[in-house]
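Residue numbers (this note's numbering): 2 to 83.
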């Protein structure tokens, strides 16, 4: 067995929560990225933070895909053993 059900579930839940929290933070930051801010540097810093959060979320998407591949490999191995 490559991964047990409990470990898979725990990893999946943590990835999902982290991804959801990143998207929530990006949405919150984007609301304060008002183009009318007096200091453009502040807006650039905020937009940089949003871009970083989006990049981190893309990494979580890849992790989710890898986890699904592990799950499928685990299922295939279980079927072979049965």
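Note that beta-carbon positions come from the ideal geometry of N, C-alpha and C, so glycine has one too.
Checklist entry - So what does DSSP say about residue 3, is it helix, strand or coil? => result coil
Checklist entry - Residues in its own chain within less than 7 angstroms of residue 27 by CB, not counting five upstream and five downstream? => result 51, 54 and 55
Item to check | Check whether residue 20 and residue 58 have beta carbons under 8 angstroms apart | outcome: yes
Checklist entry - How should residue 114 be labelled, buried or exposed, when 16 other C-beta atoms within 10 angstroms of its C-beta is the threshold for buried? => result Because the chain spans 2 through 83 in this model, residue 114 falls outside it and cannot be assessed.
Next on the checklist: Helix, strand or coil for residue 63? Go by DSSP, reduced to three states.
Outcome noted: Residue 63 sits in a helix when the DSSP states are folded into three classes.
Checklist entry - So, are the CB atoms of residue 74 and residue 3 less than 8 angstroms apart? => result Less than 8 angstroms divides the Cβ of residue 74 from the Cβ of residue 3.
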